[in-house]
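Scroll down for the structure; my scribbles are underneath it.
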């Protein structure tokens, strides 16, 4: 039988990937889409193993054990992760994918050099360019994703000591990044000139790893959704380059498709924040010139707030990153349940970039069994805010800051949820400090605003208790 | 490698990029995270490369650096694939369960 027949299997896998990705974009079909993707992967793996010639070796056992080990670790991580830790988990898996592509490339080049089996002519150019690019993109994805993961966590624990992840990036760092990139391209050219010299390949690996760190280092924690999404796109591209190395279409198709789709998703997120991708990546944001908070506001206590909430007919809850940090989604839900049992209509206003990842709030609230229909997207909830009695902002700041409407300052033009249109605004927040954009929030000081200063979980728990006591 | 094979591969590459751009247009915010992690799992297709090299490299009998790199790549790619699809499934079940189970 002609070996090319196996390629039909890869075609089937490609079709499953395309349909899967398409279906993943619609709420009703998303679970099927994920299943299609997984089936496509299974087909690709089975077809690959089925056409292998193991000869006299024990490779079959080796490969199966590799699959079992990886599958076991991956599955364990997937079922044990908390919903709040989801962004970090996606970043980590992403890094693994990039690393796998980069390692495949490295494996090919070291094998060829060791066996003294160097390609010539066109094949040399294609193979070595693909290997170089795969290594570049793959290692950048790995180190970038790992740093992004630590930034999402806020820090890293080494031998029991907690280190905060730094955000540091003077303007000249951009030139350094450019220089490193140019060096890598130069090295790539040199590997083709001198294909037998593995030092160049090692230099590419080292420089690419450094580039990934330099790339993510200046970007602040709140921009990590954009970065993770972009790195996801890059890990797809790395897989596509690996496809060029082994001459396999399914890798090229799946990889470049994910690369393009990831870029679109990145763009959707940038739009939601009203920022250009270039600005996110190369201009540090709101870091140096934070406004000093000079005004003060007297905080309220949960009893007062509970009394205000008694007998209202419409309430909108606006969650932010603070809810994720204090993990108070269950308390928020409990609070909503009590209001509802008193005949109040409760909805959730979800800002597209609330949290550290697109859809972060949706996933958290879904974990707390909040019905999907109650999560209302920004544009829809804004048309209802005028008739809302109480807006409760849980751990959000910039996404409800009216300064965004003024057309000035770092927040200018960012779409916000019009919490200030509600009759009473309750803000659950630790202090009056500025949000990520570094802009003071006028909403805090309005007469109709009540501040509940404290940890989200503690405040919501007390609020629920006071509400029950009424 | 023949030139025609290369051109063919580049054609597939470019067309798939356009396909990717077209596939994702309007996505509700709820699905952003699952879509990202689902796409991420698909990019674990590099597992095919890892599988192939895990075999060829050990054929010589003496597993060198190249072989171990491929084997390590296989483990990482499998974590990416299995973990990615499982975690996406978990998120989607949570979202879908709430909308249907009311």
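Chains as they are written, first to last, in my numbering: chain A, 488 to 957; chain B, 1376 to 1477. Positions of the beta carbon are idealized from the N, C-alpha and C atoms, including for glycine.
- Scanning its chain for C-beta atoms nearer than 6 Å, with the 5 sequence neighbours on each side dropped, one finds around residue 701 of chain A the residues 664, in chain order.
- Inclusion of residue 678 of chain A and residue 667 of chain A in the CB contact set at 8 Å is not warranted, their separation being larger than that value.
- Residue 621 of chain A and residue 567 of chain A have their C-alpha atoms some 31 Å from each other.
- Put simply, the CB of residue 595 of chain A is near chain B, with a gap under 8 Å to one of its CB atoms.
- One thing to note: residue 1467 of chain B has its Cβ within 8 Å of the Cβ of residue 1409 of chain B.
- Here residue 884 of chain A is near residue 916 of chain A, since their CB atoms are less than 8 Å apart.
- If the five residues before and after residue 814 of chain A are omitted, its C-beta is found closer than 6 Å to the C-beta atoms of 571, all from its own chain and listed in chain order.
- For residue 910 of chain A, the secondary structure class from DSSP, reduced to helix, strand or coil, is coil.
- Between residue 1463 of chain B and residue 805 of chain A, the alpha-carbon positions lie close to 25 Å from each other.
- Along the length of the region 827-874 of chain A, whole alpha helix (DSSP H) runs at least 4 residues long occupy 847-854, 865-869, reported in chain order.
- In the three-state reduction of the DSSP assignment, residue 655 of chain A falls in the coil class, being assigned neither a helical nor a strand state.
- For the pair of segments examined, the region 719-730 of chain A was found to touch the region 615-633 of chain A: the number of CB pairs separated by less than 8 Å reaches three.
- Residue 508 of chain A and residue 794 of chain A have their C-alpha atoms spaced approximately 49 Å apart.
- In this chain, the alpha helix (DSSP H) harbouring residue 610 of chain A covers 608-640.
- Exclusion of the five residues before and after residue 740 of chain A leaves 501 as the residues of its chain whose Cβ lies within less than 6 Å of its Cβ.
- Take the alpha-carbon of residue 956 of chain A and the one of residue 946 of chain A: they are about 15 Å apart.
- Residue-level contact by beta carbon fails for residue 1379 of chain B and chain A, as no gap is shorter than 8 Å.
- Residue-level contact by beta carbon fails for residue 1382 of chain B and chain A, as no gap is shorter than 8 Å.
- Look at the beta carbons and you see the region 747-756 of chain A touching the region 1405-1419 of chain B: at least three pairs across the two are nearer than 8 Å.
- In the DSSP annotation of this structure, residue 806 of chain A is not part of any alpha helix (DSSP H); the continuous beta strand (DSSP E) holding it starts and ends at 801-806.
- Bounds of the alpha helix (DSSP H) holding residue 532 of chain A are 517-537.
- Proximity to residue 758 of chain A across A:590, A:605, A:710 peaks at A:710, based on C-alpha coordinates.
- Note on the region 655-731 of chain A: whole alpha helix (DSSP H) runs with a minimum of 4 residues are 659-680, 685-703, in chain order.
- In chain order, 1384, 1387 make up the part of chain B whose C-beta sits under 8 Å from the C-beta of residue 736 of chain A.
- Within chain B, the residues whose beta carbon sits less than 8 Å from that of residue 722 of chain A are 1415, 1418, listed in sequence order.
- Listed by position along chain B, the residues whose Cβ is nearer than 9 Å to that of residue 719 of chain A are 1411, 1412, 1414, 1415, 1418.
- At least one C-beta of chain B is nearer than 8 Å to the C-beta of residue 550 of chain A.
- Take the alpha-carbon of residue 1430 of chain B and the one of residue 594 of chain A: they are about 12 Å apart.
- Looking at the DSSP output, residue 1416 of chain B shares a beta bridge with no other residue.
- Comparing C-alpha distances from residue 863 of chain A to each of A:576, A:717, A:889, A:802 shows the shortest one belongs to A:802.
- Taking 8 Å as the cut-off, the Cβ atoms of residue 889 of chain A and residue 865 of chain A do not count as close.
- Residue 914 of chain A is not a Cβ neighbour of residue 948 of chain A, given a cutoff of 8 Å.
- Proximity of the region 680-697 of chain A to the region 1390-1397 of chain B falls short of the contact definition, fewer than three beta-carbon pairs being nearer than 8 Å.
- For residue 578 of chain A, the enclosing alpha helix (DSSP H) starts and ends at 573-601.
- Using a 10 angstroms sphere on the CB of residue 1380 of chain B, the tally of other CB atoms stays under 16, which defines it as exposed.
- Considering only beta carbons, the part of the region 492-525 of chain A lying closer than 9 Å to chain B consists of 497, 500, 501, 504, 505, 507, 508, 509, 511, 512, 513, 514, 515, 517, 518, 520, 521, 522, 524, 525, in chain order.
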